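**Student:**
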Amino acid sequence: MKISFTINGTQQTVEVVDGNTPLLWVVRDVLDLKGTKFGCGKAACGACTLHVDGEAVRSCSYAVKFAEGKTITTIEGLGTKENPHPVQQAWIDEVVPQCGYCQPGFMMATAALLDKNPNPTDEDIDNNIINVCRCGTYYRMRKAIHKAAELHALQEDSEIQNS
Amino acid sequence: MKSKRSLIFIFLLAVGLLLANSIEPDTSNYKVLTNDLPNEMTSEQAFHKMMDVLTHERCVNCHPKDNIPKQGDDSHPHYFGMQRGDGNLGYEATKCTTCHQTENNPYSGVPGAPEWSLAPSQMFWEGLSRFQIAASMMDPERNGGRTPEETLHHLTEHALVLWAWTPGVDAEGNPRELPPVPLDEYRAAVEKWFEEGHIIPTE
Amino acid sequence: MAEKKKISRRKFLVRGGLGTAGVLAVGAYVFRNPIRRGILEMANTMEMAYMGETKNPMVWFEILKDNTVLLHSPKVEMGQGSFTSFAQMAADELEIPMAMLKVVHAATSTGNIDGMSTGGSTSVPGLWQPLRELAATMREMIRTEAATKLGVTTDAIAMGGGVVSANDKSMTYAEVAEGVTEWPDIETPVLKPVSEYKFVGKPIPRIDLEDKVYGAPLFGMDAEMEDMVYGAVVRPEKIGAKFLNADTQQAESMPGVIKVVKEDDFVGVVAATYQQAENAKNAIIVTWEAPNNLQQEDLEKIMTVGNGKTTIIQKEGGALDDDDSEIMEFRSPIGAHAQIEPNGVLASVEGDMATVKISTQVVGITRKEVAERLGFEEEKVNVIPTYLGGGFGRRLHTPHAVQAAVLSKAVGKPVKYFFSRKEEFQHDMFRPPTHHVMKGKLNTSGSLEGLEHHFVSGDVGNNSALVPSFAPTILGADVGAIRGGFIQYTGVPNYRSVYWHVQLPFATSWWRSLGLLANTFAIESFIDHMAHKADKNAAEFRLENIANDPLSVRLKATISAAVEKANYTETIVNGRAMGLAASIDAATPCAQVAEVSIENNQIKVHKVTVALDPGLAVNPDQVKAQCEGCVIMGISASLHEEMYVENGELRPIIYGPYDMALMKHSPKEIDVVLLQGKDTPGAVGEPPLGPIGAAVANAIFRLTGQRLTKLPLKLS
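Residue numbers (my numbering), protein chains in the order written: chain A, 1 to 163; chain B, 1001 to 1203; chain C, 2001 to 2716.
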């Protein structure tokens, strides 16, 4: 079957034999966007988190057929070195990653959180950010999430002033 | 004469189940049933048959008393600390639908159905007896202001409720346990009980 | 005139003249018990040296046309940050800015790999001397060559910023290297004093930071080759199950299947996509010979002090009499590595050559095993290591590389193969469960008169490709299991540590910090108990009983520093209590104070203060990151994680049921104090994992009077 969607701003049509194939494998193996990670395949670790129509989704448990007509964002589309997303900038400022494997999933979950809640409390972070990190970078991540919220607010202020 | 007829019925049912089994392995969880033909059921029998389903974990797991969804055949608290959140849909960014879609996912074993969510907190069933659950479900204060007709509709037509009979496989690929009564019998029992005036028997 | 040495292409070769060393190298000379004990003590405290070969003219550095200097690292980067430290060390001696230096993994065909492993917290300490010497030598080779090109003496050459200059002329390093086919072979120069370094000792951001934040394809899982297909191998659920035969009929005709491959010891399948390979794998019916139906109770029975082979690893004075000693028992469970990137590999066999891209901690061993299975010379197998999505010891064992190579050979295409999460959990090389009996006795003045640690573990180092098979016979004890198992209170007149080794029916092996986590939990919980019995402050009681050799003095300094920084008190304040614990691992002392409360009958760790003495911290920020990571991984292992055996299977098989610390369980404050008790870098990646379990348990004792003796810690 053919499935069309927009991913990181680009319109894509993919042909799959099995519409239940997890979106993760289409993103990684067909579209060659390797930033979205396979960790468990059971929607338990969160390494495969990306955005579908602005909502955080664990793509190992999301059948590609549901992506028809949707807008998808992966870590590669969140921001760039030239124009980082506040979450990525905060991750750099706080030097968060260690092995780095789980980090895209955490950044995508955090970006979704800030989108809904621009100034999350520690409790909001604890409730919403429930991915698994084995290196134990949670301590720096928490600092980076608060920092990202500040950067996000600054960015919005400057956008208001510029408009 | 009557006992002979019911024997034949059991035989037919058994054959039917065997046939069904060869097509749909999920039905193997059903036990061969006794002579409770729907049209011969009393209201009380219908009540108990309905409540055999409604007290099963496929239903109660999503009617918790403590804002924590339950999971699995052992009704453990949902892993990773997921809770009811706003509007019974999870937390603001990490929601039920972050993982649960409108269908079961055969690869991850994550269950899914339309409107995947918790029942509102006033509709909690966890820890209640079957009589208390029935009282709660018929009480407009606790059933979301539903009329009996609307409750009947929810119980027999709502896709999320009917998911209980197609619950898919778990994370290891093993089929989830089905409610103890097949869907058509359950529906017939619910309809019968409502037809007879939805009287909750005394304990 | 320096001797000229022929080299190939534009590769910049540097020769080092450095020997190799290591604890097991001396093992062969030791047979008598008292000396053996000395070796085992040394194994516990010595710093491991770099085990790679620096004599062969393999590529360490390459200069690219854009003046980038590539360092081919013999060690792999698994999050510990050693690439950044290497870059700092090399850039300082090379006189180049950090941005000019890139670190890549050495592949076996081009670079100098560590024949042993990346592990044991040895990367930075082990390469501290050789890498700087190599970099300094290269700098002087460039100076000499530049002098020739600019027609001046070497004294006239100034170097800085990746540029050489003399008089008014200057050249980049790349311009100096351009066209050179023979380089002078010069003497290793004297290294700069640490005080002159611009990068070493500074909190430089990780060099892999941006790649990791923008989602670059760094990992083994991300590797690709043209025409690549996917493999899967059937693995048993039961412990010790042996492959007998397989019915593959259904799998062979499934969509996408290219070939079902039956070998004597495994059956696998190759298909066009990952999901097709998995589907076909699940349709293969394998007959296994399952020798046992082990249950958790059986395991705990086996794993009890008094079972197995025993070795006294430390002994001073007499043994305690059980009748007038305090005795307390402790247990730790099976631990899974649970790293987020599953084990995986991409292998391509073409003719008599094999290429293997893989997340591995044992590059050389991976190559050897693949070569052996294929019947190739090792030189015909090129292992290209990638960044690791977590190591923690899980990737010291790579049989999947062999299987992927066999599958690739069978289909004539590159094959990518990785474990499912269930396979990852059931076929882990686990941290073995342990049992400990602590004994202690106070004298009339409340000081320790005797202290003993008796403990039992399964394999850690034994039966690993990293430890020679003769080592257990010679050394008696498992060099990994005993880590942290020594009594550090050597000021006590009578002390001993007695190790028991049990062979388990499932594989156990290296898990970050090895025996340290469980051993420190037992010893440091018990010391706290004895301090309480003696009615003394737990910090002062510890300090009283530690001796005055240099390492012990450093241990005391970390305890004092942690106590001071945390404002350690044994009074409960606002419902929170503090617990203290300390340990030495690989000659790095660490003390921690945990601030804990109980909320909704759950243990809540609010703050952890860490004092670590790693010697010279090449990158203090990354040393702190390792402390934070160890504290959180240690909280996860000590308060949450537990594998168990049920009906002959290891369970659970997924995150969630395998309960791990999440964001909400992480302390909101982790305060790290770094001490520098010596002027060279020491071990960092594992030592801070030691104290946390006991520190939390000791705080719980203050709060509740309950002495929790079993990991994971659960309130009754």
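Each residue gets a CB set at the ideal place from its N, CA and C atoms; glycine is no exception.
Keep in mind the model is a prediction, meaning the values are calculated, not measured.
Given a limit of 7 Å on CB to CB distance, which residues of the segment 2222-2236 of chain C reach chain A?
**Tutor:** Of all residues in the segment 2222-2236 of chain C, Asp2222 have a Cβ within less than 7 Å of some Cβ in chain A.
**Student:** The alpha helix (DSSP H) that contains Ala2271 (chain C), what's its start and end?
**Tutor:** Segment 2267-2271 is the beta strand (DSSP E) holding Ala2271 (chain C); no alpha helix (DSSP H) there.
**Student:** Quick check on this structure: which residue in C:Asn2443, C:Asp2227, C:Lys2202, C:Leu2294 has the alpha carbon closest to the alpha carbon of Arg2651 (chain C)?
**Tutor:** If we check each option's Cα against that of Arg2651 (chain C), C:Leu2294 comes out closest.
**Student:** Where does Lys2 (chain A) sit, in a helix, a strand or coil, going by DSSP?
**Tutor:** In the structure shown, Lys2 (chain A) sits in a strand (DSSP, three-state: E or B).
**Student:** Counting only Cβ pairs nearer than 8 Å, list the residues of chain C close to Gly1081 (chain B).
**Tutor:** Residues of chain C passing the Cβ test: Leu2662, Lys2664.
**Student:** Is it true that the CB of Met2353 (chain C) sits closer than 9 Å to the CB of Val2381 (chain C)?
**Tutor:** Result yes, Cβ atoms of Val2381 (chain C) and Met2353 (chain C) sit closer than 9 Å.
**Student:** Once you ignore the five residues that flank Thr2273 (chain C) on each side, which residues in its own chain have a CB closer than 8 Å to its CB?
**Tutor:** Hits under 8 Å: Tyr2230, Gly2256.
**Student:** Counting pairs of beta carbons, one from the segment 2329-2347 of chain C and one from the segment 2206-2222 of chain C, are three or more of them closer than 8 Å?
**Tutor:** In short, these stretches touch, since the Cβ pair count reaches three.
**Student:** Buried or exposed for His1076 (chain B), going by 16 or more other Cβ atoms inside 10 Å?
**Tutor:** Flag for His1076 (chain B) reads exposed.
**Student:** Using 8 Å for Cβ pairs, my map puts Lys2357 (chain C) next to Thr2386 (chain C). What's the rounded Cβ distance?
**Tutor:** Lys2357 (chain C) to Thr2386 (chain C), Cβ: 6 Å. Contact.
**Student:** Compare the C-alpha of Asp1073 (chain B) against each of B:Trp1193, B:Arg1176, B:Glu1191 and name the closest.
**Tutor:** For Asp1073 (chain B), the nearest C-alpha among the options comes from B:Arg1176.
**Student:** Answer yes or no: the CB of Val2124 (chain C) versus the heavy atoms of the ligand NAD, is any distance below 8 Å?
**Tutor:** In terms of ligand content, the structure shown is empty, and the ligand NAD therefore cannot be addressed.
**Student:** Between Gly2052 (chain C) and the rest of its own chain, which residues show a CB-CB distance below 7 Å, the 5 nearest in sequence each way excluded?
**Tutor:** With a pLDDT of 46 at Gly2052 (chain C), under the threshold of 50, the modelled position of this residue cannot be trusted, and the question is left open.
**Student:** Here's the rule I'm using: 16 or more other beta-carbon atoms within 10 Å means buried, otherwise exposed. How should Leu2674 (chain C) be labelled?
**Tutor:** The residue is buried, with at least 16 neighbouring Cβ atoms inside 10 Å.
**Student:** How about Asn1067 (chain B): is its C-beta nearer than 9 Å to some C-beta of chain A?
**Tutor:** No, Asn1067 (chain B) does not count as interfacial toward chain A.
**Student:** Name, please, each residue of chain C whose Cβ falls closer than 7 Å to the Cβ of Glu1203 (chain B).
**Tutor:** In chain order: nothing, as chain C lies at least about 33 Å away.
**Student:** Kindly list the residues whose CB is nearer than 6 Å to the CB of Pro1180 (chain B), restricted to its own chain and excluding five residues on each side of it in sequence; keep chain order.
**Tutor:** Once the five neighbours on either side are set aside, the close Cβ partners of Pro1180 (chain B) are Asp1052.
**Student:** How about Glu2642 (chain C): is its C-beta nearer than 9 Å to some C-beta of chain E?
**Tutor:** Absent here is chain E; the protein component of the structure consists of chains A, B and C.
**Student:** Output yes if chain B places a C-beta closer than 9 Å to the C-beta of Lys42 (chain A); else output no.
**Tutor:** For Lys42 (chain A), the answer is yes, since a Cβ of chain B falls inside 9 Å of its Cβ.
**Student:** Using three-state DSSP, classify Asn2718 (chain C) as helix, strand or coil.
**Tutor:** Residue 2718 (chain C) falls outside the range modelled here, since chain C spans only 2001 to 2716, and no answer is possible.
**Student:** Can you tell me which of the three DSSP states Ile2285 (chain C) falls into?
**Tutor:** If DSSP states are grouped into helix, strand and coil, Ile2285 (chain C) belongs with the strands.
**Student:** Using a Cβ cut-off of 7 Å, pull out every chain A residue sitting near Cys1099 (chain B), in sequence order please.
**Tutor:** Ala43, Arg58, Ser61, listed in chain order.
**Student:** Please classify His2453 (chain C) as buried or exposed, where buried requires at least 16 other C-beta atoms within 10 Å of its C-beta.
**Tutor:** Buried, since its Cβ has 16 or more Cβ neighbours within 10 Å.
**Student:** Which residue comes first and which comes last in the alpha helix (DSSP H) that contains Met2089 (chain C)?
**Tutor:** That run of the alpha helix (DSSP H) goes 2082-2094.
**Student:** Check each residue of the segment 1104-1118 of chain B: if its Cβ is closer than 8 Å to any Cβ of chain A, include it; give the result in chain order.
**Tutor:** Flagged, chain order: Asn1105, Pro1106, Tyr1107, Ser1108, Gly1109, Val1110.
**Student:** Kindly indicate which residue of C:Val2411, C:Gln2592, C:Tyr2489 has the alpha-carbon position closest to the one of Ile2559 (chain C).
**Tutor:** Selected option, being the one with the closest Cα: C:Gln2592.
**Student:** Check whether the Cβ of Ile3 (chain A) lies closer than 9 Å to any Cβ atom in chain C.
**Tutor:** With 9 Å as the cut-off, Ile3 (chain A) does not count as an interface residue toward chain C.
**Student:** Taking the alpha carbon of Arg134 (chain A) as the reference point, which residue from C:Ala2156, C:Met2171, C:His2640 has its own alpha carbon closest?
**Tutor:** Of C:Ala2156, C:Met2171, C:His2640, the residue nearest in Cα terms is C:His2640.
**Student:** Where do the ends of the alpha helix (DSSP H) carrying Tyr138 (chain A) lie?
**Tutor:** Element bounds for Tyr138 (chain A): 138-162.
**Student:** Near Thr1102 (chain B), what residues of its chain come up, given a Cβ to Cβ distance below 7 Å and the 5 sequence neighbours on each side ignored?
**Tutor:** Answer for Thr1102 (chain B): Gly1112, Ala1113, Pro1114, listed in chain order.
**Student:** Along the segment 92-105 of chain A, where does the CB come closer than 7 Å to a CB of chain C? Name the residues.
**Tutor:** Flagged, chain order: Ile92, Val95, Pro97, Gln98, Cys99, Gly100, Tyr101, Cys102, Gln103, Pro104.
**Student:** Mind listing which residues of the segment 2159-2190 of chain C have their C-beta closer than 7 Å to chain A's C-betas, in chain order?
**Tutor:** Under the 7 Å Cβ criterion, the segment 2159-2190 of chain C contributes no residue.
**Student:** Quick check: Thr2355 (chain C) and Ala2401 (chain C), are their CB atoms within less than 9 Å of each other?
**Tutor:** The answer is no: Cβ separation not under 9 Å.
**Student:** Show which residues of chain B have a CB atom less than 7 Å away from the CB atom of Leu78 (chain A).
**Tutor:** Per Cβ cutoff of 7 Å: no residues; Leu78 (chain A) is ~14 Å from chain B at best.
**Student:** Could you check the C-alpha separation between Gly2364 (chain C) and Thr2287 (chain C) for me, to the nearest Å?
**Tutor:** Taking the straight line joining both Cα atoms gives about 34 Å.
**Student:** Measuring straight from C-alpha to C-alpha, what distance separates Ala2587 (chain C) and Gly19 (chain A)?
**Tutor:** Distance between the alpha carbons of Ala2587 (chain C) and Gly19 (chain A): 56 Å.
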